[in-house]
Structure formats: structure tokens, C-alpha cells
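Residue numbers are given in our numbering: position 58 of the sequence shown equals residue 61, and the series is strictly consecutive.
No residue lacks a Cβ here, since even glycine has one placed at the ideal position from N, Cα and C.
What follows is one structure encoded as C-alpha cells, with my remarks underneath.
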Amino acid sequence: MQTIKKSLCPQCKISSMYVKNMQGERLLVYLTREGEIIPKYPESSLEGYDLTEVYCLGCSWHGSPKRLTSR
């Protein structure tokens, strides 16, 4: 199994993020260095979730996935 190179929160430097859908439900995700959003659990689907904004699980940061930093 290949290790995924994850992007980090620019504020607290952790890789755990989530996205929201219209109902406010959260889906845990990681972002690759290439900017790809992938669900933490492979059986989950990104369908219906807003992928233009991600939220950090460790602090109050949220914003565009393009603003995340590489390890």
C-alpha cells in the first residue's frame, strides 16, 4: 500500500480535515500534496459535499484547499 503525502493546515500543521454538505454534515478527508481531496474512509463518497472549502479538525482554520501546506 502506497503512503499518501498529505497537505497540512497552515495554522496548526495537522493533516485531518473535513468538508461539509448542504445539511451541515461533515465528512473526514485528507488532501494530497497535489490538491486531491480524498475521504479518510475509502467507502465514503464525496458526492454532495462542497469541495471548495475545507475545515481543520485541530483548530479554527478553514479555507480553500489550495491554501494548505505540504509536509
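As assigned by DSSP and simplified to three states, the class of residue i
| i | result |
| --- | --- |
| residue 4 | Interpretation of residue 4 is limited by its pLDDT of 49, a score under 50 that renders its predicted location unreliable; the figure taken from the coordinates is listed afterwards. Three-state DSSP puts residue 4 in coil, outside helix and strand. |
Cβ-based burial, residue i [other Cβ within 10 Å; buried from 16]
| i | result |
| --- | --- |
| residue 13 | exposed |
| residue 54 | exposed |
| residue 62 | exposed |
| residue 47 | exposed |
Best match in the options for proximity to residue i [C-alpha to C-alpha]
| i | options | result |
| --- | --- | --- |
| residue 31 | 44, 16, 8, 64 | 44 |
| residue 24 | 47, 6, 39, 51 | 51 |
| residue 21 | 33, 6, 37 | 33 |
Start and end residues, beta strand (DSSP E) containing residue i
| i | result |
| --- | --- |
| residue 59 | 57-59 |
| residue 33 | 29-34 |
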